Each structure stands twice: as C-alpha cells, then as structure tokens.
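See structure below.
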Amino acid sequence: MKEEESGPQNRELYALLHISPEASDEEIRKSYRQWAQIYHPDKYQALEMKEIATENFQRICEAYEILSDETKRQIYDIYGMEGINSGLELGTKLNKAEEIKEELERLRRQKELQKVAAHLRPSGSIMANLSLPQFLEGDGIMKGMAMASEVQSQISKNNAVAIGGNLAVNGNAGGGAASVVFRHQMSSVSSIEFMGSMGLRALLGVQTTRHISVHSTATMGLAMSLRDGSVNLSNTWTRQLSDTAHGNIHLSLGPESSIAVGWQRKEQKRSASGEIKLGTGSFGATANYTHRFSTKSHGRIAARIGSTALELELGGGRKVSEFSTIRMLYSVGIQGIFWKFELHRGGQKLIVPVLLSRHLNPIFATGAFVVPTSLYFVLKRFVVKPFYLKHEKQKASENMDKTLGQVQEARTAAKKAQQLLQNVANRKRSRQLETGGLVVTKALYGSRKALKNRNQIEEVKDEVASQIIDVTLPLNFLVSDSGQLKLHEGVKKSGIMGFCDPCPGEPKQLYVEYTFDGNNFEVIVDDLDELLIPQESHRI
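Be aware that the sequence shown starts at 1, since it is given in UniProt numbering, and climbs by one per residue.
Dropping the structure here:
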C-alpha cells in the first residue's frame with residue numbers, strides 16, 4: 001500500500017530542526033543555534049566523528065538557510081523542495097506569496113501539459129454475451145459480442161480530440177460505427193464540442209457547456225441524423241445540492257422526446273443515485289446504492305423498472321491490484337436470470353453476461369443466487385485471499401529489494417546522527433530518572449503492519465525488524481528540561497534527526513513506551529499525527 005500523496009506538504013526541514021511549521025523567526029533561530037552547537041565539527045577531535053558532525057551540520061545549515069529566508073520559506077511551504085529546486089528567479093520580482101504561487105503554478109502547468117501531450121489516453125470494452133439455454137439447445141453458448149474503443153489526446157492547452165469506434169454482433173446480424181469528437185475550451189467556464197459519426201448511427205452534432213454559477217452547469221446540444229435528416233435538441237441542467245450530492249434535469253426534443261430528473265450522492269463509504277424518465281412512448285425509473293466495505297471491496301444493489309424493463313441486480317466487487325477490479329453481479333428480471341462477470345483494468349473493461357434462464361422460476365432464481373454466492377465466498381476464503389496475500393507479500397519484498405540501498409544509507413546516516421546525540425541524551429535520561437520524570441524506555445518507528453500488535457514489537461523478528469528503526473535515543477534527547485516531549489502535527493517523523501524511513505512507500509507509525517512518576521505508559525501514533533507525552537490516557 002502506498003502512502004497518500006494528498007496530505008500535508010513535505011515538512012522534513014521542520015522535523016530536522018524539531019520545530020512546528022508555524023514556528024516564528026525567533027524560534028527558528030533558537031532551534032538552529034541549539035542543533036548547530038551539537039553538530040559543529042570543531043567540537044570533535046576524532047576524524048570519524050568530525051565527518052559525521054560535518055555531514056549533519058550541513059543539513060542543519062541548509063534547513064536554516066531556507067526557513068530563515070521569508071521568500072524561500074514561502075516556496076517551501078507551498079511546494080516543498082520541488083519549489084526550492086524549480087529554478088525560480090528569487091528577488092524583487094517575486095516577493096509576495098501570491099506571486100510565488102502563481103509562478104510555481106505556471107511552471108507546474110507547463111510540465112503537466114508536456115506530460116499530457118506526450119501520452120494518449122486509450123479506453124475500451126469487450127462484451128461477450130453467453131446463453132446457457134441456447135447452449136443446452138445445441139446452438140452454441142455465444143449469443144453475441146460487442147467491442148468499443150476510444151483514444152483521447154490533449155493536442156494543445158485548450159483543445160482535445162477523441163477518436164472511437166464500436167462493433168456489435170448478435171446472432172447473424174451485426175454492424176459498427178466510428179466517431180470523432182473535437183473539444184475546445186473557450187474559457188475557464190465554457191467549452192464546446194463538435195462530433196460526427198458514421199455507420200449505424202450516422203450523425204453530426206455540436207454541444208456546448210457553461211458553468212452559469214459556482215454550483216450550476218448548463219449543457220445544450222444539437223444533433224442531426226445523416227440517414228433521415230431528423231434533428232434532436234437536448235438541454236441538461238446540473239446543480240450541486242450539497243458537498244456530496246448533485247441533481248440534474250435532462251430534456252430531449254426530437255423523434256424520441258423525453259424528460260429525465262436525476263440525483264446522485266457520493267460519500268466516502270457509500271454512494272447512491274436515481275433517475276425518473278418520461279418519454280413520448282415510454283417511461284422508466286432506475287436506482288442504485290453502493291457501499292464500500294473497505295478501500296478494496298464494495299457491494300451494490302440496483303433496480304430498474306419501466307415500460308420495457310423490470311430488473312433487480314445484486315453484487316459486489318473487489319480491487320485485486322493497483323489498476324484492476326473484478327465484479328460479480330446477479331440480476332433477475334423480465335428478460336431472464338443472469339450472472340455478470342466484469343474485469344476493469346485501467347481504462348479497459350471485459351464484461352461477460354451469462355443468461356442462466358429465460359423464465360422467472362422462483363426456486364431456480366434462488367438457487368442461481370445462493371449457490372454461486374456460496375462458491376464465491378469459498379473461493380475468496382481459500383483461493384483468492386491466499387493468492388492476494390502472497391501477491392502483496394511479493395510486491396512488498398520487491399519494493400524492499402528496490403529500496404534496499406536507499407534504506408541502508410538512511411539507516412547508516414541515522415545511526416551516525418544518534419552517535420552524536422548519545423552523550424546528551426544519556427545525561428538527560430539520567431536527570432529525568434533522578435527526579436521521576438519522563439524517560440522513554442522503548443521507541444520504534446516504521447511500518448504500520450510491523451507495529452500492528454505488541455507481540456511483534458516485543459519479539460522483533462528479522463522480517464519485522466527490517467521495516468523498523470529503534471528511535472529510543474533521539475526521543476530521550478528531545479525530552480525538554482520540564483519533562484515533556486512534543487512532536488508536531490503534519491510533520492513526517494522520518495525527518496527528525498536520528499530517524500530515517502525504513503520502509504519507503506509504506507504507511508508508518510511511531511510506538512513509544514515510557515515511564516513517568518513511577519508509572520508505565522505506552523502510545524502509538526500515525527506518521528503525521530502529533531505526539532505529546534506524558535498523558536494520563538497512555539497509562540498501562
């Protein structure tokens with residue numbers, strides 16, 4: 001599992017000086033003087049210790065140089081070291097936060113456009129319709145097949161083009177179509193699309209979209225059929241109803257006029273949508289609800305009713321890799337009883353609907369749901385889950401191999417930094433022991449999985465230890481004279497002097513055991529969370 005990238009910006013320099021991101025200039029200077037005094041090379045006579053001190057002293061000086069300069073600090077707070085190293089011409093031309101942010105945004109947009117222009121975005125789907133009754137009648141299991149493909153490209157900052165096509169075969173009949181869509185962004189609030197297609201649905205059309213307010217969008221389209229010359233006019237109004245919900249009204253005027261009212265709501269754990277559609281010769285209503293049990297699995301229920309449809313659908317899906325998701329759905333309706341299997345990978349889809357029966361027999365419908373569902377849970381428990389865990393373990397092992405050299409260097413640097421802190425940390429620890437103050441007896445920083453239960457922490461097996469670093473000494477060094485320890489919120493702890501990242505790409509935590517006033521305490525916090533000890537709530 002990769003760490004989230006959407007959280008706070010990198011704050012390694014603040015962690016290095018052990019200050020808050022909101023620290024004042026005076027606090028930055030005070031912290032710099034304290035750390036510089038500890039790591040100044042002139043304090044050490046031994047050549048090895050002098051080299052270690054010089055290396056860490058340079059890190060301290062670099063952090064102070066950036067954070068003590070108002071302009072550089074603003075850049076660092078917005079974009080981290082990427083902004084510092086972006087090649088901006090610092091000086092009188094860029095002396096306001098707004099100007100700095102605007103220039104950095106320009107550079108970032110330029111890089112993103114270059115990246116987008118160099119890559120196409122393909123998508124497609126394959127649907128294979130299977131029929132069990134047809135197979136039992138001796139006519140073969142394949143009922144029909146359909147394929148669709150599209151390639152999108154951002155040809156310039158404001159222009160994009162999409163080229164697509166589809167083929168469909170059903171029994172002895174078939175056909176296809178090809179389409180081209182050109183999209184132009186006229187302004188920050190409006191765009192226009194021109195489209196054309198040939199084949200089964202030959203037409204020409206134009207569509208324009210405009211944000212009419214912060215919460216409302218309007219779309220108007222006009223399409224003409226090249227077969228019979230008929231014209232269709234469509235209008236769609238969309239409005240945001242809340243932070244997680246929006247509604248829309250769609251009006252279509254033409255050979256098949258209709259009006260539809262829809263609603264969608266999407267939250268972190270659940271999403272739902274519904275629509276009612278009334279046409280000149282038909283009506284229909286749809287509703288669906290999806291519940292996410294975790295970041296990798298979800299369940300779904302949907303229903304459709306109307307003049308040509310009556311269907312209930314149940315199922316769910318699971319993310320099996322970073323780019324792949326599988327879904328299994330069961331549906332029963334007037335068209336029969338179906339099982340549907342779906343594989344989604346990137347922008348590609350494989351959909352396999354299987355018709356089990358054309359008749360709505362209650363006993364058969366129940367069996368068609370219960371038996372495969374039971375088989376699914378058995379396979380998941382004894383086949384899919386073991387394979388998935390093995391695959392995850394293999395990925396973790398490969399990631400560890402790739403970063404082995406980087407981690408070894410970081411561990412070596414952390415060990416060297418701890419050597420310079422050792423004397424002061426031991427003196428502080430002795431003073432706290434004498435007064436019954438705060439003493440950190442064990443502190444481990446590393447993979448959340450490795451720290452998930454106390455037995456693993458106490459035993460620290462080889463495979464666990466490789467994802468953990470002992471940071472007892474640095475934390476004792478950071479204990480204040482008043483007997484308190486605070487690690488600031490929003491700052492990755494791997495940047496603290498004497499720490500390192502033992503497992504790049506993995507979510508990390510910090511586990512601490514400590515004594516205070518003769519009592520034992522323990523606490524575990526996430527990488528970006530604040531740590532403030534001692535606290536009564538940590539008492540064992």
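In this text, a Cβ means the ideal position worked out from N, Cα and C, and glycines have one as well.
Since we're looking at a predicted model, the values are computed, not measured.
Residue of the options minimising C-alpha distance to residue i
{"i": "GLN134", "options": "ILE126, ALA128, LYS143, MET127", "result": "LYS143"}
{"i": "SER31", "options": "LEU16, ASP517, GLU150", "result": "LEU16"}
{"i": "THR286", "options": "LYS277, ARG121, LEU132, LYS492", "result": "LYS277"}
{"i": "SER213", "options": "MET198, GLN240, ARG227", "result": "GLN240"}
{"i": "LYS269", "options": "GLU536, SER216, THR290", "result": "THR290"}
{"i": "residue 557", "options": "LEU120, GLY505, GLY495", "result": "Because the chain spans 1 through 540 in this model, residue 557 falls outside it and cannot be assessed."}
{"i": "LYS380", "options": "GLN418, LYS415, GLY316, GLY221", "result": "GLY316"}
{"i": "LYS393", "options": "HIS344, LYS449, GLU342, LEU350", "result": "LYS449"}
{"i": "ASP481", "options": "SER447, SER430, LEU444", "result": "SER430"}
{"i": "ASN170", "options": "ALA160, SER258, ALA128", "result": "ALA128"}
{"i": "VAL384", "options": "VAL151, SER321, LEU233", "result": "SER321"}
Straight-line Cα distance separating residue j from residue i
{"i": "ILE84", "j": "ASP69", "result": "12 Å"}
{"i": "GLU55", "j": "VAL180", "result": "59 Å"}
{"i": "THR244", "j": "THR472", "result": "44 Å"}
{"i": "LYS452", "j": "PHE293", "result": "21 Å"}
{"i": "GLU89", "j": "TYR64", "result": "Low confidence applies here, because GLU89 scores a pLDDT of 47, under 50, leaving its location unreliable; read the following figure in that light. So the alpha carbons of these two residues sit roughly 20 Å apart."}
{"i": "ILE126", "j": "SER191", "result": "31 Å"}
{"i": "LYS319", "j": "ILE60", "result": "44 Å"}
{"i": "TYR76", "j": "TYR330", "result": "52 Å"}
{"i": "SER307", "j": "ILE301", "result": "21 Å"}
{"i": "LYS266", "j": "ALA272", "result": "7 Å"}
{"i": "GLN408", "j": "ASP501", "result": "10 Å"}
{"i": "LEU251", "j": "PHE387", "result": "49 Å"}
{"i": "GLN535", "j": "LEU478", "result": "17 Å"}
{"i": "GLN154", "j": "ILE163", "result": "12 Å"}
{"i": "ARG73", "j": "ALA36", "result": "20 Å"}
{"i": "ILE468", "j": "ARG33", "result": "31 Å"}
{"i": "LEU130", "j": "SER324", "result": "23 Å"}
{"i": "VAL440", "j": "ARG427", "result": "13 Å"}
{"i": "THR71", "j": "GLU530", "result": "27 Å"}
{"i": "LEU389", "j": "ILE533", "result": "36 Å"}
{"i": "GLU513", "j": "ARG11", "result": "25 Å"}
Cβ neighbours of residue i in the same chain (closer than 7 Å, five flanking residues each side left out)
{"i": "GLU27", "result": "ILE19"}
{"i": "ASP526", "result": "GLN509"}
{"i": "PRO44", "result": "Here residue 44 turns out to be Tyr, not Pro, going by the sequence shown. For TYR44, where only same-chain residues beyond five positions count, the Cβ hits under 7 Å are LYS50, ALA53."}
{"i": "MET186", "result": "ILE192"}
Helix, strand or coil at residue i [DSSP, three-state]
{"i": "GLN348", "result": "strand"}
{"i": "PHE283", "result": "strand"}
{"i": "SER44", "result": "Checking the displayed sequence, the identity of residue 44 turns out to be Tyr instead of Ser. It is coil, neither helix nor strand."}
{"i": "VAL214", "result": "coil"}
{"i": "ARG11", "result": "coil"}
{"i": "HIS184", "result": "strand"}
{"i": "PRO502", "result": "coil"}
{"i": "ALA396", "result": "helix"}
{"i": "ASN476", "result": "helix"}
{"i": "LEU90", "result": "Annotation note: pLDDT 46 at LEU90 (below 50); position unreliable, no value reported."}
{"i": "THR308", "result": "coil"}
{"i": "ILE540", "result": "coil"}
{"i": "ASP527", "result": "coil"}
{"i": "GLU434", "result": "helix"}
{"i": "MET497", "result": "coil"}
{"i": "GLY229", "result": "coil"}
{"i": "GLY483", "result": "coil"}
{"i": "ALA450", "result": "coil"}
Close-in-space but distant-in-sequence residues of the same chain around residue i (CB under 6 Å, 5 per side omitted)
{"i": "GLY336", "result": "LEU355, SER357, ARG358"}
{"i": "GLY262", "result": "ASN248, GLU275"}
{"i": "ALA365", "result": "VAL332, ILE337"}
{"i": "GLY437", "result": "GLY483"}
{"i": "ASP228", "result": "none"}
{"i": "THR217", "result": "HIS211, THR238"}
{"i": "ILE524", "result": "GLN509, TYR511"}
{"i": "ALA177", "result": "ASN166, SER197, GLY199, LEU200, ARG201"}
{"i": "GLN207", "result": "GLU193, GLY221"}
Residue(s) in a DSSP beta bridge with residue i
{"i": "GLU342", "result": "ARG327, ILE351"}
{"i": "residue 545", "result": "Absent from the structure is residue 545, since the part of the chain shown begins at 1 and ends at 540."}
{"i": "THR209", "result": "SER191, THR219"}
{"i": "SER252", "result": "SER234, SER258"}
{"i": "TYR76", "result": "According to DSSP, which records beta bridges pairwise, TYR76 is partnered with nothing at all."}
{"i": "residue 563", "result": "The shown model of the chain, from 1 to 540, leaves out residue 563, and the question about it has no answer."}
{"i": "ASP470", "result": "LEU444"}
{"i": "LYS415", "result": "LYS415 is not bridged to any residue."}
{"i": "GLU313", "result": "ALA302, SER331"}
{"i": "TYR511", "result": "LEU444, ILE524"}
{"i": "PRO122", "result": "VAL151"}
Proximity test, Cβ basis, 8 Å: residue i and chain C
{"i": "ARG431", "result": "The question asks about chain C, but that chain is absent: this structure has only one protein chain."}
Cutoff 8 Å; reference residue i; Cβ partners in own chain excluding five residues on either side
{"i": "LEU310", "result": "ARG304, GLY333, ILE334"}
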